[in-house]
Every structure is written in structure tokens, then in C-alpha cells.
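Going from the sequence shown to the numbering used here is simple: count from 1 and add 4. One structure is given below, encoded as C-alpha cells.
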Amino acid sequence: MKIFQQTLDLPQKRRGFHIITYEVIEALPQLHDIKTGICQVFIQHTSASLSINENADPTVRQDFEMYFNKAVPENDPDYRHDDEGPDDMPAHLKAAMLGCSVTIPIRNGRLALGTWQGIYLCEHRNHGGTRRLVITAWGE
């Protein structure tokens, strides 16, 4: 079995949902060496998350942002963790809801995503900064 691992530092992105599939693939060229396997992408942060969803229509990503802002509003007076601003605690909650990793099958040296699927960086902070991913691929 082959195992490859690489970190990827994504430059700061505005708050919202961003397709990063290409960046992930480019960061781990050894994917091409795996015929059958698994790729895990993990984000080393607690106020941003990862997801897999629609990669064609940008309004899907806009609707995601709208939904999560309604579901987890800023400035809730019950939040106790607010030292870093009104978007801080909501960002942690959104990240907990979506998760810190995605797992994708590898088939014939490529991520076996569906036709309309892409990997999202879900940036929940107004000024989140650089985000670090750990990408691990293993298989035969």
C-alpha cells in the first residue's frame, strides 16, 4: 500500500463557500500513483470547515451562506465566547455542523467525485486568514 501526505496552505478567502477541488488535486500529485484508494482532506481550524457539494451553479454556495447565517446568527446575547468578535462563536458552531474533513474515493489516479461535486472550503469568519489543510491519500 502507498501512503502520501501533504499540507496545503490556502490564502485568506472572504467569508463564504469556496470550491477548492483543483487546489487539493494540485497539492498531491501522487494521487496519480494510486489506482484504488482513499483521499482524506482535513482542515486544521475550528472556525472553518469542509464539505462536498454542487460545483457548477454558484448560487448554491450563496444559498449555503444565507442558510447558515440564518441558522446560526451573529450577536446572540447568549454567546459567552465572543472575545474575537461577533462572527467568532457562530463560526465555531457552523464548523461543528459541517465538519473538519471529507473523504473521497480514488479511482484510477483521480478523485472519484460525481459530475457535479466539488470540495468546499467553508469560511465562516469575516477575516479568517490562511487556512491549512492536511491531505492524505492511501491505496494500491
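Just so it is clear, CB atoms sit at the ideal spot from N, CA and C, and this is done for glycine as well. Quick caveat, the model's predicted, so the values are computed rather than measured.
Own chain partners of residue i with C-beta closer than 7 Å, once the 5 adjacent residues on each side are dropped
{"i": "THR134", "result": "ASP13, LEU14, PRO15, GLN16"}
{"i": "HIS36", "result": "GLY113"}
{"i": "PHE21", "result": "ARG65, PHE68, GLU69, TYR124, CYS126"}
N- and C-terminal bounds of the alpha helix (DSSP H) containing residue i
{"i": "ASN73", "result": "62 to 75"}
Residue span of the beta strand (DSSP E) that contains residue i, given as start and end
{"i": "LYS6", "result": "6 to 14"}
{"i": "TYR124", "result": "121 to 127"}
{"i": "PRO109", "result": "105 to 111"}
{"i": "LEU137", "result": "135 to 143"}
Contact set for residue i: own chain, Cβ-Cβ below 8 Å, skip 5 residues either direction
{"i": "ARG136", "result": "THR11, LEU12, ASP13, LEU14, ILE47, GLN48, HIS49"}
C-beta atoms of residue i and residue j nearer than 9 Å
{"i": "TRP120", "j": "GLU58", "result": "yes"}
{"i": "SER51", "j": "ALA95", "result": "yes"}
{"i": "ILE38", "j": "ALA141", "result": "yes"}
{"i": "ALA100", "j": "PRO109", "result": "no"}
{"i": "GLY118", "j": "GLY41", "result": "no"}
Buried or exposed (CB count within 10 angstroms, at least 16 for buried), residue i
{"i": "LYS98", "result": "buried"}
{"i": "ILE139", "result": "buried"}
{"i": "GLY132", "result": "buried"}
{"i": "HIS85", "result": "exposed"}
{"i": "MET5", "result": "exposed"}
Residues near residue i by beta carbon distance below 6 Å, same chain, minus five either side
{"i": "ASN130", "result": "ARG19, ASP91"}
{"i": "GLN34", "result": "PHE8"}
{"i": "LEU102", "result": "SER53, SER55, CYS126"}
* **contact_flag[the segment 73 to 82, the segment 33 to 48] where n(CB pairs < 8 Å) is 3 or more** => no
* If we count Cβ pairs, one from each stretch, closer than 8 Å, do we get three or more for the segment 46 to 65 versus the segment 124 to 142? -> yes
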